[in-house]
Amino acid sequence: RLKSSFPIAFFDPSGGGSPPIHVSHQGAVRMASTATFEFTDANFATEAMQSSQPVVVDFWAEWCGPCRSLAPVIDELATDFEGTAKVGKLDVDANREVAQQFSIMSIPTVVVLKDGQLVKKFVGISSKEDLAAAVNGAM
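Residues in the sequence shown are numbered consecutively from 1, following the working numbering.
If you want it as structure tokens, here you go:
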């Protein structure tokens, strides 16, 4: 299993006004919206493939600059579609099985699923509008 040789950490010394902090099993800290789901190899079958709602999965890694640029867009989508679609992220370094299942060769890659079936796949940076249109199309 690959690990980043230089984990990225965010720290707000003021202690206030920060988004929630999530700590990965590798000890790296990242910011995320509370509406953004964290997919793993262990929960993917039940949380994504068997979901009654459309699902958006952002395949990313901590060391990936474009992935970090896309993160706020994913968090906004999660908030916008809260209750109607499940929007989340899957760290490809920590969850290689699902990444292989979807033949993820480049990150960021975002997939939209409906009833466990791939509806749309975006490779690279995508606009919020394009992603939202794909989610709406899967409703």
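Note that beta-carbon positions come from the ideal geometry of N, C-alpha and C, so glycine has one too.
For residue j and residue i, believed in contact at Cβ under 8 Å, the rounded distance
i           : j           : result
residue 108 : residue 124 : 7 Å
Nearest residue (CA-CA) to residue i, options the options
i           : options               : result
residue 117 : 35, 38, 93 and 45     : 45
residue 121 : 111, 93 and 115       : 111
residue 113 : 63, 65, 93 and 57     : 57
residue 65  : 134, 94 and 106       : 106
residue 43  : 70, 71, 91 and 83     : 91
residue 115 : 62, 126 and 85        : 85
residue 75  : 138, 139, 137 and 127 : 127
residue 59  : 50, 102 and 34        : 102
residue 97  : 47, 40, 52 and 54     : 40
Three-state secondary structure (DSSP) of residue i
i           : result
residue 146 : Given a span of 1 to 139 for the chain in the structure shown, any question on residue 146 remains unanswerable.
residue 92  : coil
residue 41  : coil
residue 75  : helix
residue 34  : coil
residue 53  : coil
residue 130 : helix
residue 115 : coil
residue 109 : strand
Cβ-Cβ distance between residue i and residue j below 9 Å
i           : j           : result
residue 70  : residue 132 : no
residue 119 : residue 99  : no
residue 47  : residue 93  : no
Bridge partner(s) assigned by DSSP for residue i
i          : result
residue 60 : 91
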